[in-house]
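Working notes for the structure below.
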């Protein structure tokens, strides 16, 4: 497992050192590069926030959201089906999954407001409605 660690201050540096000692592959980033030196000597690799927190999905979906391009890739209605399956499975073994339930509610809102056949990037419509702001 590779762990990205951003911020090597009073709390971050000792936590990152413990991860290195435990054998995790660590990528570190810090504004004050001198804070990374000790960790790099311990086996961590220097990285950037983009490398640590970058996301191929977000790189693809953010432009779609900005352009209000909701041409289906993976439809909201399919998410609802999958989320319902996940909720049912979790509940059958007594596992609490509150965030899954929350996402399911957001997807249901989108379905009820005409986005059932839209790509999941249409989630921006939920947040636009919630905040009263158009992206």
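Numbering (the numbering used here), first residue to last: 649 to 783. Just so it is clear, CB atoms sit at the ideal spot from N, CA and C, and this is done for glycine as well. Since this is a predicted model, take the numbers as computed values, not measurements.
With a cutoff of 7 Å on beta-carbon distance, residue 677 and residue 690 are scored as not near each other. Around the Cβ of residue 783, a 10 Å sphere holds fewer than 16 other Cβ atoms; the residue is exposed.
Counting of Cβ neighbours within 10 angstroms places residue 778 among the exposed residues, the total staying below 16.
For residue 751, the enclosing alpha helix (DSSP H) starts and ends at 746–758. Residue 675: member of the beta strand (DSSP E) spanning 673–677, first to last residue. In this structure the region 747–755 does not lie against the region 712–719, because fewer than three pairs of beta carbons, one per stretch, are closer than 8 Å.
When rounded, the separation of the alpha-carbon atoms in residue 738 and residue 659 is 35 Å. Per DSSP, reduced to three states, the secondary structure at residue 740 is helical. For residue 652, the enclosing beta strand (DSSP E) covers residues 650–654.
Across the set 653, 774, 773, 760, the C-alpha of 653 shows the shortest separation from the C-alpha of residue 679. Bridge pairing for residue 694: 676 [DSSP].
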